[in-house]
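Every number in the working numbering is 67 more than the matching position in the sequence shown, counting from 1.
Think of the CB as a built atom: it goes at the ideal place given N, C-alpha and C, for glycine as much as any other residue.
Nothing here was measured: the structure is a model prediction, and the numbers come from that model.
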Amino acid sequence: MTVGSGSSGAVVANRLSEDPSVSVLVVEAGESGEWSLPITIPMFHWNLYKSKYDWKFHTVPQKHACKGMRDQKSYWPRGRALGGSSCMNGMVYVRGSRHDYDDWAANGCEGWSYKDVLPYFIKSENIQIPDIKDSDYHGTDGPLYVSPGNASLLADLYGDAMQELGYKVVDSNGEDMIGYLSISGLEGNVFMKTKKNSSYDYPDTQLHIATVCGTKDDIDPAITRVNLKSEVLLIAWVFITESIA
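Here it is, written out as structure tokens:
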């Protein structure tokens, strides 16, 4: 059983369910959100903030940051639906700076350098952008369909202006991130199952999904119990995993 279906939990559940001898149960708080317009339409994702699909987290008061915020607390939106926070990130696909991964490795996180993680990025990706399809930094056989998205005309104007100033237009998930970035997008969040927008399509016979919308029903107080043959994996984001554990 995996607790959490976010960007990490969904991937783990998918990989486990590839084994025909394994049956996987994914438990997720909130609703599926499959028919929610703010989830399925990237530019509407702002409407998810402080909605029923958001955990509505706030940090504790900060001493040296958030000075322009009430009580110096920062609002941290986090997805409460199948797909976790991938439901509310506008379907943007950004791997992050290679230097961050190298810093992790330099500080003791063995196996997490950019060189170490790049093969997994490539393996998971099915790039749909013709200009970079043959790049050594992208894959074409993975379950994550990555497209160029639909940028406004302003994006091209900004790109032209940056090139006039001497900057390169670079791949946001390529060799480096120095220059004008053209952002890539996912075709659907990590838990959508429609054929057109699916990023992960699970073997239905081996993967089961349970959404939990509450803790107790006074009218029907029945409790569902699950007997496990194997392990429970807590993959519910750093704060929620810690509170469950």
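Item, Value
"Sub-8 Å separation of Leu83 and Val91 beta-carbons", "yes"
"Short Cβ contact (8 Å threshold) for Tyr120 with Ala148", "yes"
"Same chain, Cβ closer than 7 Å to Glu242, neighbours up to 5 away in sequence not counted", "Tyr204"
"Paired residues, beta bridge with Ser239 - DSSP", "Paired residues: none, contrary to the question."
"Among Leu301, His275, Ser310, the one whose alpha carbon lies nearest that of Asn81", "His275"
"Coil, strand or helix - Leu295 by DSSP", "coil"
"Helix, strand or coil at Thr107 [DSSP, three-state]", "helix"
"For Leu220, the three-state DSSP class (helix, strand or coil)", "helix"
"Rounded straight-line distance, which links the Cα of Glu101 to that of Thr308", "24 Å"
"Beta-carbon proximity check, Thr126 vs Trp143, cutoff 8 Å", "yes"
"Rounded Cβ spacing between Gly209 and Glu192 (contact assumed at less than 8 Å)", "5 Å"
"Residues sharing a beta bridge with Phe124, DSSP", "Trp143"
"Boundaries (first-last residue) of the beta strand (DSSP E) holding Tyr212", "211 to 214"
"Glu192, enclosing beta strand (DSSP E) - first and last residue", "192 to 194"
"Among Ser310, Val94, Ser153, Ser251, the one whose alpha carbon lies nearest that of Thr291", "Val94"
"Cβ neighbours of Val161 in the same chain (closer than 8 Å, five flanking residues each side left out)", "Ser239, Asn240, Ile250, Ser251"
"Reference Ser74; option with closest CA among Arg145, Met68, Asp138", "Arg145"
"For Leu248, the three-state DSSP class (helix, strand or coil)", "strand"
"Sheet register partners of Ala148 (DSSP bridge)", "Glu98"
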